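Structure, as structure tokens:
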Amino acid sequence: MPPQTINGENVQSLKSWMAGWNKKTKAKVVFDPDDKILIPEGIHLGIPAVDNMLGDGFPRGRTTIFLGEASSGKTLLAQLLIAAAQREGGTCMFFDIERCLTAGHKILTTDLRWIPVENLSEGDSIIGFEEYPNGRNRQREWRQGKVLSNRPFETSVWKIYLKDGTTLECTGNHKWLTYYKPASTSSG
């Protein structure tokens with residue numbers, strides 16, 4: 007028998023939404039409530055109120071982003087999730103992606119304009135890429151994304167000087183896409 011809810015959503019309401027969407031777009035969205043991809047296995051924190059609120063814990067194998075004000079508990083919640091996954095034999099990665107871009111840093115939007123980061127608003131569509139879309143050692147793919155939050159902040163800015171004379175400015179939280187090169191082969 008198909009489940010009555012999927013990730014906390016009533017199956018009947020999902021079917022209703024699908025029918026409305028198909029009519030509006032003159033397209034065909036297929037919804038199979040038995041599809042296991044719609045019901046990811048959960049990672050349980052062991053805090054019943056949180057696990058129940060999420061339906062069956064945090065979805066395993068998915069990206070989870072915590073948004074909130076400073077000191078609201080985002081990092082603590084992430085650490086609890088990592089510990090719970092490790093107790094169940096899983097692995098997690100933690101990235102603090104807040105406060106990483108400096109004013110003036112240009113972001114590519116889906117209409118192919120470069121916009122200074124400070125001019126982006128929540129909900130804007132941007133272009134980024136997924137490094138390993140289908141597992142390790144696969145070619146990266148471009149992806150459309152949405153701005154989830156954009157707030158000004160004050161922090162130290164680092165100026166980085168490259169061999170070719172290029173200078174870059176970033177915060178200490180900026181993530182860099184690099185190629186692995188053993189330290190023994192580094193020239194400096």
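Numbering (this note's numbering), first residue to last: 7 to 194. Positions of the beta carbon are idealized from the N, C-alpha and C atoms, including for glycine. This one's a predicted model, so the numbers in the text were calculated from it and none came from an experiment.
- The shortest C-alpha to C-alpha distance from Arg-66 to any of Ser-77, Trp-27 and Ile-49 is the one to Ile-49.
- Of the candidates Lys-165, Ala-90 and Arg-105, Ala-90 places its Cα closest to the Cα of Cys-98.
- By the neighbour-count definition (other C-beta atoms within 10 Å, threshold 16), Gly-63 is a buried residue.
- Taking the Cα positions, Val-123 is about 13 angstroms away from Leu-154.
- Contact check for Glu-147 against Phe-159 fails: the beta carbons are separated by 8 angstroms or more.
- Annotation for Gln-145: no alpha helix (DSSP H) segment contains it, and DSSP assigns it neither H nor E.
- The alpha-carbon of Ala-25 is positioned some 27 angstroms away from that of Met-59.
- The Cβ atoms of Gly-151 and Ile-121 do not sit closer than 8 angstroms to each other.
- When the alpha-carbon of Ala-76 is set against those of Arg-93, Ile-53, Gly-129 and Glu-104, the nearest one is in Glu-104.
- DSSP places Leu-82 in the uninterrupted alpha helix (DSSP H) bounded by 80-93.
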